[in-house]
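For what it's worth, the working numbering labels the leading residue of the sequence shown as 181, then goes sequentially. For each residue, glycine too, the CB sits at the ideal point set by N, CA and C. Only a predicted model underlies this, so the values are computations on that prediction, with no experimental measurement involved. The structure appears below as structure tokens.
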Amino acid sequence: MAQLNTPQMKHASDIIQVLNSGIEFYRDAKEKVDDQQLAQFFDRMLNARRMVKERLQPFVVQEDGKREDGSAFSVEARKVYTKVIGAISSDKNHTYISQLEEVEDKTLDELRIALKDNQPPQYEAALLQSMATMQECHDEMRALKKSTRH
């Protein structure tokens with residue numbers, strides 16, 4: 181439990197919920213694409229998200245007393261949308277890439293929100309490190325999206 185004079189670690193649960201949803205989405209996409217290189221790429225993104233989640237999880241436990249295992253509704257809705265579009269699309273790989281890039285955007289947004297608040301130093305350092313990791317993932321996904329456009 182947080183002490184009264186200890187600054188709260190704000191927004192950690194929300195970030196992990198988005199990360200959890202993204203992990204599930206990448207896992208699903210990895211199984212659905214036919215291109216082995218793309219599946220390996222998705223696997224790298226999945227592992228980066230897991231790493232960031234584990235980096236931030238201790239702060240959630242410290243703040244809330246338990247791990248965050250939930251997921252974010254906005255990402256879950258995107259997964260459903262992608263399944264529908266992927267079923268009718270002639271290029272499901274690009275559909276997954278495009279929607280996963282949006283998930284990367286959402287993750288960066290959540291990290292930015294947390295970094296706007298005054299955070300305890302260790303948590304802020306973990307957020308900044310996570311931001312760098314997720315920015316790299318986003319940039320790779322954006323480059324892949326541009327390279328797969330017709």
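Excluding sequence positions up to five away, which residues of its chain have a Cβ less than 8 Å from the Cβ of K233? I196, L199, N200 and I203
Exercise. Count the CB pairs spanning the region 277-295 and the region 204-222 that are closer than 8 Å, and state whether there are at least three.
Key: yes
Task: Same chain, Cβ closer than 8 Å to I293, five either side skipped, listed in chain order - done: H191 and D194
message: My output table needs one value for K259: the three-state DSSP class, helix, strand or coil.
response: helix
Which whole-angstrom value describes the C-beta separation of M137 and L288, a residue pair presumed to lie in contact below a C-beta threshold of 8 Å? What is shown of the chain runs 181 to 330, which leaves residue 137 out entirely.
*Grouping DSSP H, G and I as helix and E and B as strand, with all else coil, what is K286?*
helix
Next item on the list: May I ask you to report which of helix, strand or coil DSSP gives G245?
Entry: coil
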